[in-house]
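Here the structure is laid out as structure tokens; the discussion comes afterwards.
2 protein chains.
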Amino acid sequence: MYYSKADLAQLEHRERINLINSVSGIKPVNLIGTASASGATNLAIFSSVVHLGSNPALLGFILRPHQEVRRHTYENILATGVFTLNHVHRDFVQRAHYTSAKFPDEVSEFAACGLHEAYREGFAAPFVRESQLQLGLRYRESIPIPLNRTTLVIGEVENATIPDRVREEGGHLDLSRVDDVGLSGMNSYYALEKIAQFPYARPEELPLF
Amino acid sequence: MYYSKADLAQLEHRERINLINSVSGIKPVNLIGTASASGATNLAIFSSVVHLGSNPALLGFILRPHQEVRRHTYENILATGVFTLNHVHRDFVQRAHYTSAKFPDEVSEFAACGLHEAYREGFAAPFVRESQLQLGLRYRESIPIPLNRTTLVIGEVENATIPDRVREEGGHLDLSRVDDVGLSGMNSYYALEKIAQFPYARPEELPLF
Numbered sequence: 020m021y022y023s024k025a026d027l028a029q030l031e032h033r034e035r036i037n038l039i040n041s042v043s044g045i046k047p048v049n050l051i052g053t054a055s056a057s058g059a060t061n062l063a064i065f066s067s068v069v070h071l072g073s074n075p076a077l078l079g080f081i082l083r084p085h086q087e088v089r090r091h092t093y094e095n096i097l098a099t100g101v102f103t104l105n106h107v108h109r110d111f112v113q114r115a116h117y118t119s120a121k122f123p124d125e126v127s128e129f130a131a132c133g134l135h136e137a138y139r140e141g142f143a144a145p146f147v148r149e150s151q152l153q154l155g156l157r158y159r160e161s162i163p164i165p166l167n168r169t170t171l172v173i174g175e176v177e178n179a180t181i182p183d184r185v186r187e188e189g190g191h192l193d194l195s196r197v198d199d200v201g202l203s204g205m206n207s208y209y210a211l212e213k214i215a216q217f218p219y220a221r222p223e224e225l226p227l228f
Numbered sequence: 020m021y022y023s024k025a026d027l028a029q030l031e032h033r034e035r036i037n038l039i040n041s042v043s044g045i046k047p048v049n050l051i052g053t054a055s056a057s058g059a060t061n062l063a064i065f066s067s068v069v070h071l072g073s074n075p076a077l078l079g080f081i082l083r084p085h086q087e088v089r090r091h092t093y094e095n096i097l098a099t100g101v102f103t104l105n106h107v108h109r110d111f112v113q114r115a116h117y118t119s120a121k122f123p124d125e126v127s128e129f130a131a132c133g134l135h136e137a138y139r140e141g142f143a144a145p146f147v148r149e150s151q152l153q154l155g156l157r158y159r160e161s162i163p164i165p166l167n168r169t170t171l172v173i174g175e176v177e178n179a180t181i182p183d184r185v186r187e188e189g190g191h192l193d194l195s196r197v198d199d200v201g202l203s204g205m206n207s208y209y210a211l212e213k214i215a216q217f218p219y220a221r222p223e224e225l226p227l228f
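One line per chain: the protein sequences are F and R, in this order. As numbered in the numbering used here, residues 20 to 228 make up the first sequence, in order. As numbered in the numbering used here, residues 20 to 228 make up the second sequence, in order.
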């Protein structure tokens, strides 16, 4: 089916949101763990984490407008300077999804969703114990996107925990070995199966297509 | 295995790049199609497309530093104001990967990689005929990321082609029905299998975990 700009504008509100959230393809699923200055924890699911560069090792994520609604994740990141990214595996995908519910301010999504905090000495933000692939990041910068008042929040990787069975030669990973999931839209979760690994592409080594 | 910041810094250059490119989880795979003002086409694989908002329908992608190296994709977007995003399916994942080779300036990646241009009237950028899920975008803005001199390039969705068999009720999509692929790092491709669709999360409808 072909949708013109007018067709897209005429879709029912919720259908439009789901569709536009889905058309960019599969998205990563990360739980962002943070703590307030007083130690109250927060956990939130994000599908907008994007690789920005390897040296320094920078990752970003898109924060929705924070001028109107309290965004604990962002407030905590600014307060403590650190946050964690935790991969989501098939065995706790439902619990991860429900961290997106709007719980009362005093409730931690960890407790509400049956997930557990884990800490590393000297690092103020909580990791997710159930997650086998965990990153600790230090906040670097916020870049406003005036077009729709979202923000690109950037952190630098400070530490990484990666199970040995996921690691392959040369720094490649096979995410399917820990049953990592992906997301399309805001509701549809996918299992992953590694099907190919191609070499760095050189014009003089082009296969016959 | 646990990597401290010092451990990450000491990794061999190529291993470090692969690892840091992989740790954010599964990434979408899109071919970005563009044409120069004189109609010369370009096709490039990107794994950094990110959803920015639904109203207006904005998608962004990360462009590596364009001050040193010619980036045809970006030059063409600025010249014509439009670009296309095309999903990659399992049957042409290898051809898509090789669009990343550094071909001579006068070579179009379409021809070099055995992919075919398709056009829509009134839209200057080429779609990929082999792709079943195609988006036409109008360039909106470039946002510099001074930390590592990358750029967030933002476009607004002007049109979308989505096969009927991918569409589900309420605007949800099942990307596995067109054999969409995902990527980790820069070399590892994954097939997708939809395993769950959860409702919008409300605290009062929390399942028992």
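Each residue gets a CB set at the ideal place from its N, CA and C atoms; glycine is no exception.
{"query": "Continuous beta strand (DSSP E) stretch holding Tyr208 of chain R: start and end", "result": "Ser207 to Gln216"}
{"query": "Arg90 of chain R versus Tyr138 of chain F - alpha carbon distance", "result": "43 Å"}
{"query": "Span of the beta strand (DSSP E), counted from its first residue to its last, around Asn105 of chain R", "result": "Val101 to His106"}
{"query": "Beta carbon proximity, Asn167 of chain R to chain F, threshold 9 Å", "result": "yes"}
{"query": "Chain F contact for His191 of chain R (CB, 9 Å cutoff)", "result": "yes"}
{"query": "7 Å Cβ shell around His70 of chain R - same chain, five flanking residues per side excluded", "result": "Leu78"}
{"query": "Residue environment, Leu227 of chain R, which counts as buried when at least 16 other CB atoms sit within 10 Å", "result": "exposed"}
{"query": "Length-filtered (4 minimum) alpha helix (DSSP H) runs lying within the region 120–195 of chain R", "result": "128–131"}
{"query": "Where His70 of chain R falls: helix, strand or coil (DSSP)", "result": "strand"}
{"query": "Own chain residues within Cβ distance below 8 Å of Ala191 of chain F, not counting five before or after", "result": "First, the amino acid is wrong: residue 191 of chain F is His here, not Ala. Once the five neighbours on either side are set aside, the close Cβ partners of His191 of chain F are Gln216."}
{"query": "Start and end residues, alpha helix (DSSP H) containing Leu27 of chain R", "result": "Lys24 to Gln29"}
{"query": "Sequence-distant residues of the same chain with beta carbon closer than 8 Å to Pro145 of chain F, five excluded per side", "result": "Gly52, Thr53, Ala54, Thr60, Leu62, Thr103, Phe129, Glu136, Ala137 and Tyr138"}
{"query": "Coil, strand or helix - Ala115 of chain F by DSSP", "result": "helix"}
{"query": "Which listed residue (F:Ser203, F:Asn37 and F:Glu188) has its alpha carbon closest to that of Arg33 of chain R", "result": "F:Glu188"}
{"query": "Amino acids of chain F, ordered along the chain, whose beta-carbon sits closer than 8 Å to that of Leu77 of chain R", "result": "Leu166 and Asn167"}
{"query": "Chain-order list of residues whose beta-carbon lies under 7 Å from that of Asn105 of chain F (same chain, five-residue window excluded)", "result": "Asn49, Leu50, Gly52, Phe146, Val147, Ser150 and Gln153"}
{"query": "Helix, strand or coil at Asp198 of chain F according to DSSP, with G and I counted as helix", "result": "coil"}
{"query": "Simplified DSSP state of Tyr93 of chain F, which is helix, strand or coil", "result": "helix"}
{"query": "Cβ-based neighbour list, Thr169 of chain F, same chain, cut-off 7 Å, excluding 5 preceding and 5 following", "result": "Ile81, Leu82, Arg83 and Pro84"}
{"query": "Leu77 of chain F, enclosing beta strand (DSSP E) - first and last residue", "result": "Ala76 to Leu82"}
{"query": "Beta-carbon contacts of Tyr117 of chain R that lie in its chain and below 6 Å, excluding the five residues immediately before and after", "result": "Cys132"}
{"query": "Supposed close pair Gly44 of chain F, Val68 of chain R - CB separation, criterion 8 Å", "result": "7 Å"}
{"query": "Arg157 of chain F versus Val126 of chain R: straight-line alpha-carbon distance, rounded", "result": "42 Å"}
{"query": "Short CB-CB distance (under 9 Å) between Glu136 of chain F and chain R", "result": "no"}
{"query": "As assigned by DSSP and simplified to three states, the class of Ala98 of chain F", "result": "helix"}
{"query": "Cutoff 9 Å: Arg196 of chain R Cβ touching any chain F Cβ", "result": "no"}
{"query": "Status (buried if at least 16 other CB within 10 Å, exposed otherwise) for Tyr22 of chain F", "result": "buried"}
{"query": "Pair within 9 Å by beta-carbon distance, Asn206 of chain R and Pro218 of chain F", "result": "yes"}
{"query": "Chain-ordered chain R contacts of Arg89 of chain F [CB-CB under 8 Å]", "result": "Within chain R, no residue comes near Arg89 of chain F; the closest Cβ sits about 15 Å away, beyond 8 Å."}
{"query": "Any C-beta of chain F under 9 Å from that of Phe228 of chain R", "result": "yes"}
{"query": "Three-way DSSP call (helix, strand, coil) for Ile64 of chain F in this model", "result": "strand"}
{"query": "N-terminal and C-terminal residue of the alpha helix (DSSP H) that Leu38 of chain F is part of", "result": "His32 to Ser41"}
{"query": "Residue from R:Gln29, R:Phe65 and R:Met20 whose Cα sits closest to the Cα of Leu202 of chain R", "result": "R:Phe65"}
{"query": "Contact list for Ala220 of chain R against chain F, beta-carbon separation under 7 Å", "result": "His116, Tyr117, Ser119 and Ala120"}
{"query": "Beta-ladder partner(s) of Gly52 of chain R, from DSSP", "result": "R:Leu62 and R:Thr103"}
{"query": "Residues that Asn178 of chain R contacts on chain F, provided the C-beta gap is smaller than 9 Å", "result": "Tyr21, Tyr22, Ser23, Lys24, Asp26 and Leu27"}
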